Each structure stands twice: as structure tokens, then as C-alpha cells.
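A.B. asks: Reading the sequence shown from the start, the letters are residues 898 to 1325 in my numbering.
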Amino acid sequence: MNLRSYIFWALDRLKGNPLKIALRFTSNILETKDRKWAETENANRLKELLNHASKTTSFYMDKNYTKLEDFPIVNKNMIRDNLENFMSHSFEPKDCLKVSTSGSTGAPFSIYQDRDKVNKSIADNIYFSSKSDFEIGNRLVYIKIWSDKLNYRKRFGFRMKNILPWSVFNLSNTEIDKLLTELNNSRESISFIGYASSFEKICKHLDELNENPIKFKTKSVITISESLNLYTRNAVKQYFGIYPMSRYSNNENGIIAQQNNHENSNFILNSSSYVVEIFDLEADRKLKYGEQGRIVITDLYNKATPIIRYDTGDIGTLEVDSENRPYFSEIYGRKLDLLYDTQGNLVPSHLSAKLCNYGEFKQFQLVQKGQKNYEINLNTTTQVDELNMIKEYKKYFGEDADIKINYVSEIPLLASGKRREVVNEYYV
């Protein structure tokens, strides 16, 4: 245990061990072999949450909802437009933590979290980070969108936590070199967390160099917010020496699932905090294990703003292992990040990765413009074999697909600092 970790847990003891207790519960639920016990614990907490929401929120009050199946599916827009009705009368906003999304796919979105929810989110973060060999106090490079000017309090807090914040907008070749040089001068092992596209950009730059400039030891790499493609996964292993782990989370809830080993791409579900359901892409019809659909979650901990049957906007497939533990076999991202063939059928996930067979690109993007109209944007100075590229993609989209190839100098980031490899402008 390093000094920062010791101080962190000492402070928790002074407060009555709320984080230690929450962490122990997270670990027990996720690791116990007594699945019946875990299911009973979660069922009791779910019952308590539903009862609380029905009695203390205007949106659910007097509806005679008794079990989860009675509750309607809600989404970000519904909560944003009716936040006061979703908030519990038992909590004052001033006593809660306000958390917000970036608004990268729409208007910004905020909810309130009570202290128990905040503690559980911190505990979940500690637990899942440890699965990637990260310990509190380790040197951490956090790559995401940051304010251009962090105030003194935030900069001091990062320094105390041993965190180096690095903006996704500071990833030019010169700035990547600057970052790596700074880390090479560190005596500590380095852990990373950040958008998957940020690591792709770093690795693309390293591809252009004669030798790997990284001299520091990498302890862990966790990618967030975007799908981790095969190129980035293998390139991170090549340059940083370890495989990255992909995490599925959002700001309004927390960590929903994370890969837990390097042998497969399965995401272990955080069933200690959430009930996860999969629904049909178009209708509010619950699907069976193995079927692809909308990810709908119920947050077992947030009583300030009960989040019940919340459509995350993401697409995935749930499975169960031999011990009846749920996991995501695939997470596809938002519906806006899915492509369909000319007949309206969903095409295989990660189809954009096949573009790598036609050359090395700084960036690439697949866009569906209409029912039968598609565009492939390539950031490269070298012309590709367009005939064969179009021929291959017609096998997925349909022989009647109209596919256009564009050569571009840049594929812009979203306001959130993320970059989408797949964009659907037709099925929205």
C-alpha cells in the first residue's frame, strides 16, 4: 500500500468506513459463488428502491407500481424535461451531488446523487480499477476533455491524487511526444484511463516512428466512452506492453460493466449496482439472453433521483456464464453508431475495422446517409483500391447500395472530445 492509499483509507476510517463497507459489498456480490444469496440481496435492494420511488417521486407516485415490470422505460429526454418529478422529495438538491453528461449527442443532461450512491460509485471504481492492476495513489494519466484552464483547487486535487489530466484536444504529434517525454522522466509505473480513440491516435503516431520511445513501465490501461477496436487493442499491447481493458460506464450512473481479462472481450456486469435488461430496438419488448437490443438499466443505489428502467441509448447483447453470472458479450454503442443494410437489417458490429485491410489511415469513418446511401471517409494521402473496397462493403450493405469514398484531411471530434468511427444519419 502506497502513502496516498494509506491516507485515503485512514480518512475513510475517520468517517466510519463508508467506502470500505461499500467496496466489501461490491466484491461480495460480484465474486460470491452463492448466487442465490447475491440474487436475494439485489432483490431486496430493488424492492426497497421501487417502494421508495413510488412513495417519494411525483413521476411514480399513485401509479400502483409494485414490481420492476410495472415500471415504464424512461430515457434521457424524459428525465431532463421532468427532472423535478423524477427527484425524490426526501432529498434536497443542495445535499446531493449534481452529475452531468457532456451532451455529445444532444443537450447536456444532469441528475442528483445522494451520498450512498456517491460512495457506491467510488467503491465500484476502486473495485473495477483493481481488476486492471490499478491501486489508489498510482500515477494516473487521465485522457478526456478537460477545461482549458483548471482552477487552483482542481490542480491541487489532481496533484494530491497523483493524477495527470491530459486533454484529448492536446494530442498532436508534438504534444504526444511531450507527454511521453514527461512520463519517461517519471520514476513511477504509469496507469492510463481515457477515450479509446485517444490511444488509437497515440499509437498511430508511434507507428510512424523508427523505434518505440516509451521507456516507462505501464501498469494498466483502461479505455472508456468508445468501443475499443482490434487495431488499438493490439497496438497498445505492442507499444505499452499490456493489453487495455475496456470499461462501459456513463456519468449519470457509473460503471456498468468492464472487461476483466485479456483472453476474451466479455464484459463482466456490475450486478452489485444495477439491474440490466435488453429490449427490442424499436418496441418496449424485453429480449432473451443472446439477443441484441437496447441496454436498459435500473440503478439500485440512487434514491435522490431514482433511475428505473433507463434506456441508456446504447446497444448490447447479454449472456450468462456457466455459473449463471450475467455478462455483455458485445456492446455496440449508441443506435446512432449502428449501420443497416439496404433492407433495414443490422449489419455486423465493428464493420469499420475491415477498412484496415485496404491501407493505413490516420482516421476513418463509415456513414449511412440514406436507406441505400453510404459514405466512407478516409484520412489518407494514398488512394485505396476503391473498386474492391466498394465490392466488399456491398456484400454487407447489399448489391444495390450506393457507396461513395471521400478523402478527407481530418475527421472532427465531437464536442465531448470523442470521435465516432460509425455514424448513422438516416436511422435516428
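Even for Gly, the Cβ is constructed at its ideal location relative to N, Cα and C. Please read these numbers as outputs of a predicted model, since none were measured by experiment.
Determine the burial state of M898: buried for a count of at least 16 other Cβ atoms within 10 Å of its Cβ, exposed for fewer.
C.D. replies: Exposed, because fewer than 16 other Cβ atoms sit within 10 Å of the Cβ of M898.
A.B. asks: Where are the beta strand (DSSP E) runs, 3 residues long or more, that stay fully inside the region 1188-1242, in chain order?
C.D. replies: Taking only runs of at least 3 residues, the beta strand (DSSP E) segments lying wholly in the region 1188-1242 are 1189-1196, 1207-1217 and 1223-1231.
A.B. asks: Going by DSSP in three states, F1089 sits in which element: helix, strand or coil?
C.D. replies: Three-state DSSP puts F1089 in a strand.
A.B. asks: So, is the C-beta of K1301 closer than 8 Å to a C-beta in chain E?
C.D. replies: Of the chains in the structure shown, none is chain E; there is only one protein chain.
A.B. asks: Kindly list the residues whose CB is nearer than 8 Å to the CB of P1203, restricted to its own chain and excluding five residues on each side of it in sequence; keep chain order.
C.D. replies: For P1203, where only same-chain residues beyond five positions count, the Cβ hits under 8 Å are L946, H949, A950, T954, Y957, F983, S985 and D1196.
A.B. asks: Helix, strand or coil: how does DSSP classify W1043 here?
C.D. replies: Three-state result, W1043: coil.
A.B. asks: Pick out whichever of I1040, N1107 and K1075 has its Cα sitting closest to the Cα of Y1136.
C.D. replies: When each option's Cα is compared against that of Y1136, the closest is N1107.
A.B. asks: Can you round the beta-carbon distance between N1221 and D1011 to whole angstroms, since I take them to be within the 8 Å contact cut?
C.D. replies: Contact doesn't hold; Cβ gap of about 31 Å is too wide.
A.B. asks: Take Y1224 and list the residues in its own chain whose beta-carbon comes closer than 7 Å to its own, dropping the five residues that flank it on each side.
C.D. replies: Closer than 7 Å at Cβ, skipping near neighbours: N1163, F1164, I1165, L1166, E1216 and D1218.
A.B. asks: Are the CB atoms of N1148 and T998 nearer to each other than 8 Å?
C.D. replies: Result yes, Cβ atoms of N1148 and T998 sit closer than 8 Å.
A.B. asks: Given this structure, state the Cα-to-Cα distance separating K917 from E1032, to the nearest angstrom.
C.D. replies: Near 14 Å, if we compare the C-alpha coordinates of E1032 and K917.
A.B. asks: In three-state terms, what does DSSP make of V1319?
C.D. replies: Strand at V1319.
A.B. asks: To the nearest angstrom, report how far apart E1188 and Q1265 are at their CA atoms.
C.D. replies: About 23 Å.
A.B. asks: Apart from the five residues just before and just after E1283, which ones in its own chain have a Cβ nearer than 8 Å to its Cβ?
C.D. replies: Cβ within range, chain order: I1302.
A.B. asks: Just how far apart, CA to CA, sit E1105 and E1097?
C.D. replies: Distance between the alpha carbons of E1105 and E1097 is about 13 Å.
A.B. asks: If we count the other Cβ atoms within 10 Å of its Cβ and call it buried at 16 or more, is Y1049 buried or exposed?
C.D. replies: With fewer than 16 Cβ atoms within 10 Å of its Cβ, Y1049 is classed as exposed.
A.B. asks: Short check: CB of S1168 to CB of L927, under 8 Å?
C.D. replies: Yes, Cβ-Cβ distance for S1168 and L927 is below 8 Å.
A.B. asks: Could you pull out every residue in the same chain whose Cβ sits closer than 7 Å to the Cβ of Q1268, ignoring the five residues on either side in sequence?
C.D. replies: Here the set comprises T1239 and Y1323.
A.B. asks: Going by C-alpha distance, which of V1281, E1174, L1037 and N1285 is nearest S1117?
C.D. replies: Out of V1281, E1174, L1037 and N1285, L1037 has the C-alpha closest to the C-alpha of S1117.
A.B. asks: With distance defined between alpha-carbon atoms, name the residue in D1177, I1228, Y1171 and T1209 nearest to K944.
C.D. replies: Nearest of D1177, I1228, Y1171 and T1209 to K944, Cα basis: Y1171.
A.B. asks: What does the Cβ neighbour count give for K995, buried or exposed, with the cut at 16 atoms within 10 Å?
C.D. replies: With fewer than 16 other Cβ atoms within 10 Å, it is exposed.
A.B. asks: May I ask you to report which of helix, strand or coil DSSP gives N1059?
C.D. replies: DSSP places N1059 in coil when its eight states are reduced to three.
A.B. asks: Let's see if you can read the secondary structure: which residues bound the alpha helix (DSSP H) around Q1280?
C.D. replies: No alpha helix (DSSP H) contains Q1280, which DSSP labels as neither H nor E.
A.B. asks: Given this structure, state the Cα-to-Cα distance separating G1054 from M975, to the nearest angstrom.
C.D. replies: Rounded to the nearest angstrom, the two C-alpha atoms are 35 Å apart.
A.B. asks: Between which two residues does the alpha helix (DSSP H) carrying M975 extend?
C.D. replies: Here the alpha helix (DSSP H) through M975 covers K973 to D978.
A.B. asks: Using only the alpha-carbon positions, how far apart do S1306 and N1276 sit?
C.D. replies: For S1306 and N1276, the distance between alpha carbons rounds to 5 Å.
A.B. asks: Start and end of the alpha helix (DSSP H) containing Y903?
C.D. replies: L900 to L911 is the span of the alpha helix (DSSP H), which, as asked, contains Y903.
A.B. asks: Where does R1182 fall in DSSP's three states?
C.D. replies: R1182 falls in the coil class under three-state DSSP.
A.B. asks: Only counting the same chain, and skipping five residues up and downstream in sequence, which positions put a Cβ closer than 6 Å to that of L1061?
C.D. replies: The answer, listed in chain order, is V1038.
A.B. asks: Note down, in chain order, each residue of its chain lying with its Cβ closer than 7 Å to the Cβ of K912, except the 5 sequence neighbours on either side.
C.D. replies: Cβ within range, chain order: n/a, list empty.
A.B. asks: Ordered along the chain, which non-local residues of its own chain (more than five positions away) have a Cβ less than 6 Å from that of Y1304?
C.D. replies: For Y1304, where only same-chain residues beyond five positions count, the Cβ hits under 6 Å are L1275.
A.B. asks: Could you name the residues of the same chain whose beta carbon sits closer than 8 Å to that of F1258, not counting the 5 residues immediately before and after it, in chain order?
C.D. replies: Only L1252, L1275, N1276 and T1277 meet the Cβ criterion.
A.B. asks: If you follow the alpha helix (DSSP H) that A940 is in, where does it begin and where does it stop?
C.D. replies: Its alpha helix (DSSP H) spans residues R932 to T953.
A.B. asks: If the criterion is Cβ atoms closer than 8 Å, does the pair D1181 and I970 meet it?
C.D. replies: Cβ distance < 8 Å, so D1181 and I970 count as in contact.
A.B. asks: Considering only residues of the same chain and omitting the five flanking positions on each side of I1090, which have a CB-CB separation below 6 Å?
C.D. replies: Contacts found: Y1039 and I1119.
A.B. asks: Which of the three DSSP states is assigned to G1003 in this structure?
C.D. replies: With a pLDDT of only 45 at G1003, under 50, the local geometry of the prediction cannot be trusted, and the value read off the model is given with reservation. Of the three classes helix, strand and coil, the one that applies to G1003 here is coil, per DSSP.
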